[in-house]
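Residues in the sequence shown are numbered consecutively from 120, following my numbering.
Think of the CB as a built atom: it goes at the ideal place given N, C-alpha and C, for glycine as much as any other residue.
Comments concern the structure below.
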Amino acid sequence: MSKKYSLKFTFVSGSVLCAALLWRNWQLYKERESFQSRSREQLGKIQAQLDEKQRRLEECNRRNWEHTLLDGLVGALEEAEQAGELKTKESYEQFLKDWIETSL
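Now the structure itself:
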């Protein structure tokens, strides 16, 4: 093989290799972009689900707190009524004021 032919062969094979590497690099870049796009979509969906679950949990906690508070009030009212402490409107009002101050 002559030097001239060898040099041309090296140049051509190097150019082909460079083109192949550039093409593969472009394919990998597009795959990465696609993966990142899908990942962002999935993260958005997961975040939306998490936000919805958090909202439901907060709603549940609020309802539980309200029920616990009402159960406490009803129990205290029943005890006061059985003890005969609540005979007038004013005694009910005072009872409620006192209960609110001590419960909250």
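When the options are compared against residue i, the one with the closest alpha-carbon
i, options, result
"ILE219", "SER210, LYS206 and LEU192", "LEU192"
"THR221", "ALA202, VAL131, ALA195 and CYS179", "ALA195"
Opening and closing residue of the alpha helix (DSSP H) in which residue i lies
i, result
"LEU215", "208-222"
Through-space distance from residue j to residue i, alpha-carbon basis
i, j, result
"LYS206", "HIS186", "26 Å"
"GLU200", "PHE214", "11 Å"
"ALA138", "SER125", "20 Å"
"GLU178", "LYS164", "21 Å"
"ALA167", "GLN146", "32 Å"
"LYS149", "TRP184", "52 Å"
"GLN161", "GLN173", "18 Å"
"PHE130", "LEU136", "10 Å"
"ARG159", "GLU198", "58 Å"
8 Å Cβ cutoff, residue i in contact with chain C
i, result
"PHE130", "As a matter of chain content, chain C is missing from the structure shown, which is built from one protein chain."
Problem - Ordered list of beta strand (DSSP E) runs contained in the segment 128-190, each at least 3 residues - result: none
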